[in-house]
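FYI, in our numbering the residues of the sequence shown are 1 to 134.
Even glycine gets a Cβ: it sits at the ideal position worked out from N, Cα and C.
Keep in mind the model is a prediction, meaning the values are calculated, not measured.
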Amino acid sequence: MHAFVFALVAMFSTTVLLAAVDVWAAVDASAALYLKYCSSCHGDEGKGRGPVSSDFKVKVPDLTTLSKNNKGVYPLQRVMSAIDGTRKVHGHGDPAMPVWGEAFKEELKGDKYAELTTLRKTQAIADYIAKLQR
Ligand code: HEC
Numbered sequence: 001m002h003a004f005v006f007a008l009v010a011m012f013s014t015t016v017l018l019a020a021v022d023v024w025a026a027v028d029a030s031a032a033l034y035l036k037y038c039s040s041c042h043g044d045e046g047k048g049r050g051p052v053s054s055d056f057k058v059k060v061p062d063l064t065t066l067s068k069n070n071k072g073v074y075p076l077q078r079v080m081s082a083i084d085g086t087r088k089v090h091g092h093g094d095p096a097m098p099v100w101g102e103a104f105k106e107e108l109k110g111d112k113y114a115e116l117t118t119l120r121k122t123q124a125i126a127d128y129i130a131k132l133q134r
């Protein structure tokens, strides 16, 4: 019985490991993801001056001061939830503009680990923004 449980655990861990490797390849460079999905509004450097930022009634926020405005702590969860749409952000929730979490999932349709890859992508972008803090 123990051996059986052990075999199950071993199989499961291998699957998870393999999935992680796959997912890591799909996540690729976080900077490239940021430039693709975010820089049009937030700017290449994250300062909120992307090419379409002036089209918005609301000011596109400077993403490089998130830590500074949060007592020196980078608000990872706030950033991730703004990206995946679990927190409402006006500029992101506009009907004309998809919520990124949904957009990522749509791109990954049919992918076995779509949910996980979406989460990893979201975190990769959030980690990239963490590096932009000044
Ligand atoms: C089409 C323009 C646009 C794009 C593209 C865009 N954003 Fe935004 N974003 C905005 C606007 C506008 C706001 C401010 C909304 C508000 O104040 O209600 C905002 C707000 C945010 C916030 C909230 C900041 C805070 O103070 O909590 C974060 C974080 C953020 N965006 C990250 C991203 C990331 C990461 C991407 C790429 C995955 C992205 N945004 C793509 C327009 C955009």
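Inset, instruction - Check whether the Cβ atoms of S40 and V52 sit closer than 7 Å, and answer yes or no. - result: S40 is a Cβ neighbour of V52, given a cutoff of 7 Å.
Legend entry - Extent of the continuous alpha helix (DSSP H) run through Y74: From DSSP, Y74 is part of no alpha helix (DSSP H); its letter is neither H nor E.
Inset, instruction - Determine the DSSP secondary structure at Q133, reduced to helix, strand or coil. - result: coil
Legend entry - Run of the alpha helix (DSSP H) containing C41, from where it starts to where it stops: 39-42
Inset, instruction - Assign D55 to one of two classes, buried (16 or more other C-beta atoms within 10 Å of its C-beta) or exposed (fewer than that). - result: exposed
Legend entry - Cβ neighbours of R206 in the same chain (closer than 8 Å, five flanking residues each side left out): Outside the displayed range of the chain (1 to 134) lies residue 206, so it cannot be described from this structure.
Inset, instruction - Label P95 either buried or exposed according to how many other C-beta atoms from any shown protein chain fall within 10 Å of its C-beta, with 16 as the threshold for buried. - result: Any reading at P95 must be qualified, since the residue scores a pLDDT of 49, below 50, and its modelled position is unreliable; the value itself is stated next. Classification for P95: exposed.
Legend entry - Own chain residues within Cβ distance below 7 Å of V73, not counting five before or after: The residues are S67.
Inset, instruction - Reducing DSSP to helix, strand and coil, say where A29 ends up. - result: coil
Legend entry - Delimiting residues of the alpha helix (DSSP H) encompassing G101: 100-107
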